[in-house]
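Peer 1: Residue numbers (this note's numbering), protein chains in the order written: chain A, 1 to 148; chain B, 1001 to 1135. Ideal Cβ placement from N, Cα and C applies to all residues, glycine included. Being a predicted model, the structure only gives us computed values, none of them experimental. For reference, the structure I am asking about is given below.
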Amino acid sequence: MSGEEEEETPATTSPAEIARFFRRYGWSFDQLDDETFRTSFRGKNAAFVALVRVTEHWVLFTINPFVKGPDAGFGPVALKLLAHANQRAALVKLGVDDDGDAFINVELPTDHFGYGQFSAALTALTHAADGLLVPALQATVIDDRNVS
Amino acid sequence: MPGFFTRFGWEYRRAGHDEFLTGFSGERGSWDIHVKVSDLAVTFSISPYVTRGDGPPGPHLLRTILLANHELNLAKLGVNEDDEVCLSVEIPADGFEYSQFNDALTAIAYYADDYKERLDAVVAEDEDVEAQGVV
């Protein structure tokens, strides 16, 4: 056995464990309620606020709104960009919510959710958000010009 | 991964060094599921998921899959570089356990069956609109 003790992943994660994961990742956070955490980060292009929510079955990392939806809804250029981004960006999901805003999230089962998956999820979310924001905003501008 | 397939009770075959192919028949169709293992993630995917004619996906289909992504748990819909609509589940490879394999296969199989008719209807809608030259 090596000198470094292996960390055992419990059967299911908990809000207390998510708080420990945040501290280990080195990011500050606020706990908004029993199951919801808020953190923020600044990328190359913008600052983002992300929520992490722990439910009975899922751990959800989300940035919503990622891009506010135009009053008339996203146009074809933005829709195409968001739909294609789902295949290019590993682990993250992009979509449009009931308010018409674009969101970006990572959703994983609570079962055997350990620090490695917390780290992978937060890293994927932040990279995808920062990398996709400018193209997504550009796409909405192009759609706007095409309409007017 | 072979042990996980055996435990889940599904047949599979190797499709490459780190790739496996399995499949199932649901109430609304039969699908092949590719399972690919990389350093970053284990990816379960059905591609193409929706059968369409030539040309890129229309705006109704794009809007529908993006709205559906708000409803789907664990799974996501997207469009690949060949303009094919794909259904997938991705789990980080770090700490990947059987319970997550189970969740992933269960989710992709459930949603493949559940969304098939809805997306087929939207494809038909886009094709009608295109045929009328409205887009």
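Give me the chain B residues within the contact set of A:E107, using Cβ-Cβ distance strictly less than 7 Å, ordered along the chain.
Peer 2: N1073, L1074
Peer 1: Taking B:Y1115 as the reference, give the member of B:G1053, B:I1046, B:E1130, B:G1058 with the closest Cα.
Peer 2: B:I1046
Peer 1: Provide the residue(s) that pair with A:I104 in DSSP beta bridges, ordered along the chain.
Peer 2: A:I63, A:L94
Peer 1: Is A:A184 close to chain B? Criterion is C-beta to C-beta, closer than 9 Å.
Peer 2: Nothing in the structure corresponds to residue 184 of chain A, since chain A is present only between 1 and 148.
Peer 1: Determine the burial state of A:K68: buried for a count of at least 16 other Cβ atoms within 10 Å of its Cβ, exposed for fewer.
Peer 2: exposed
Peer 1: Could you confirm whether any beta carbon from chain A is found closer than 9 Å to the beta carbon of B:P1056?
Peer 2: yes
Peer 1: By the 10 Å Cβ neighbour count, where 16 or more other Cβ atoms means buried, how is A:V32 classified, buried or exposed?
Peer 2: First, the residue type needs correcting, since residue 32 of chain A is Leu and not Val in the sequence shown. A:L32 comes out exposed.
Peer 1: Less than 9 Å between CB atoms is the rule here; does B:K1070 satisfy it with respect to chain A?
Peer 2: Strictly speaking, residue 1070 of chain B in this sequence is His, with Lys absent from that position. Interface residue, yes.
Peer 1: Can you name the start and end residues of the beta strand (DSSP E) that A:T39 belongs to?
Peer 2: Looking at the DSSP string, the run of the beta strand (DSSP E) that includes A:T39 is 36-42.
Peer 1: If you draw a straight line from the alpha carbon of B:I1065 to that of B:G1003, how long is it in whole angstroms?
Peer 2: 33 Å
Peer 1: Would you report the Cα separation of B:V1135 and A:A85, rounded to the nearest angstrom?
Peer 2: Only weak support exists for where B:V1135 lies, its pLDDT of 49 falling under 50; the coordinates are left without a value.
Peer 1: For A:S2, I'd like the list of residues in its chain whose CB is within less than 6 Å of its CB, leaving aside the five on either flank, ordered along the chain.
Peer 2: Because A:S2 sits at a pLDDT of 37, beneath the cut-off of 50, its placement in the model cannot be relied upon, and the point is left open.
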